[in-house]
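*Asks:* The opening position of the sequence shown corresponds to residue 69 in the numbering used here, with each subsequent residue numbered one higher. All C-beta atoms in this analysis are idealised placements derived from N, C-alpha and C, irrespective of residue type, glycine included. Because the structure is a prediction, the values reported are computed rather than measured. Take a look at the following structure, please.
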Amino acid sequence: MQNVIDIRVETDSNITLPQVIIKTDSQSELTEKIVYAIERCIENEYPKVTAVNENTMVLLNQWDIIRIFTQNRKLSICSQNGTYESRLALSGLEEILNRDDFIRISRFEIINLRKVSGFDLSVSGTIKVLFENGTETWVARRYVKAIQEKLKALGKGVE
């Protein structure tokens, strides 16, 4: 039996990120191979981040990371699956993170713009960042302009 795949690329100006939908009558080895191939392709562009959960070292996908921040002299990585610690410095992590998705918002914090649900501009001179998971943080005043410029460059301007 030959594996045949019907591949179509459709463009839609309302979609900002590529979307992959696999339609099939049942989950199979072929569909799992397709998902695996797509994930590997993305991982080559976004290297995994090493973190520690209790005494276990884990590899986090960048797209799962919500924010990275320093608290009580420890670097924490908040992801969709929980909070981890990193043994790297914030500047070291900043170098390996995808610059299109991640931006520094203070001396102690980097956020993933893809996990942001909105920005609250009601406090003059600063920005409150609201995340999809319900958490929030603040942009340090000296980083407000950099955030505004980054969002304007991405076509998501914040005035």
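Does Tyr211 come out as helix, strand or coil in the three-state DSSP assignment?
*Replies:* Helix at Tyr211.
*Asks:* Measure from the alpha carbon of Asn121 to the alpha carbon of each residue in Glu107, Trp131, Ser147, then state which is nearest.
*Replies:* Asn121 has its Cα closest to that of Ser147, out of Glu107, Trp131, Ser147.
*Asks:* Helix, strand or coil for Lys249, going by three-state DSSP, please let me know.
*Replies:* Because the chain in this structure spans residues 69 to 227, residue 249 falls outside the shown range and cannot be described.
*Asks:* Which residues does DSSP list as the beta-bridge partners of Asn123?
*Replies:* Per DSSP, none; premise fails for Asn123.
*Asks:* What does the alpha-carbon distance come out to for the pair Ile215 and Thr203?
*Replies:* The alpha-carbon atoms of Ile215 and Thr203 are separated by roughly 18 Å.
*Asks:* How big is the Cα-Cα spacing for Tyr211 and Leu158?
*Replies:* The alpha-carbon atoms of Tyr211 and Leu158 are separated by roughly 16 Å.
*Asks:* Would you be able to state if there are at least three C-beta pairs under 8 Å between the stretch 134-141 and the stretch 98-108?
*Replies:* The stretch 98-108, when compared against the stretch 134-141, does not touch it at the 8 Å Cβ threshold.
*Asks:* Pick helix, strand or coil for Ile75, following the three-state DSSP scheme.
*Replies:* Looking at Ile75 - three-state DSSP - the assignment turns out to be coil, as it is neither helix nor strand.
*Asks:* Any chance you could list the alpha helix (DSSP H) runs of at least 4 consecutive residues sitting entirely within the stretch 128-199, in chain order?
*Replies:* Complete alpha helix (DSSP H) runs here, min 4: 158-164.
*Asks:* Can you find the residues in the same chain that come closer than 8 Å, C-beta to C-beta, to Val184, ignoring five residues on each side of it along the sequence?
*Replies:* Around Val184: Val197, Leu198, Phe199, Glu200.
*Asks:* Return yes when the Cβ of Arg135 is within less than 9 Å of the Cβ of Arg162, no when it is not.
*Replies:* Residue identity check: residue 162 is Glu in the sequence provided, not Arg. Their beta carbons are not under 9 Å apart, which means Glu162 does not touch Arg135 by this criterion.
*Asks:* Whose C-alpha, out of Thr99, Ser94, Asn82, is nearest the C-alpha of Ile306?
*Replies:* This structure gives no information on residue 306, because the portion of the chain shown stretches from 69 to 227.
*Asks:* Taking C-alpha atoms, which residue in Glu78, Ile73, Asp80 lies nearest to Lys91?
*Replies:* Checking every option, the nearest Cα to that of Lys91 belongs to Ile73.
*Asks:* Quick one: what does DSSP say Thr99 is sitting in, helix, strand or coil?
*Replies:* Looking at Thr99 - three-state DSSP - the assignment turns out to be helix.
*Asks:* Beta-carbon within less than 6 Å of Thr151's beta-carbon, same chain only, minus the 5 sequence neighbours each way: which residues are those?
*Replies:* Excluding sequence neighbours, Thr151 sits near Ser144.
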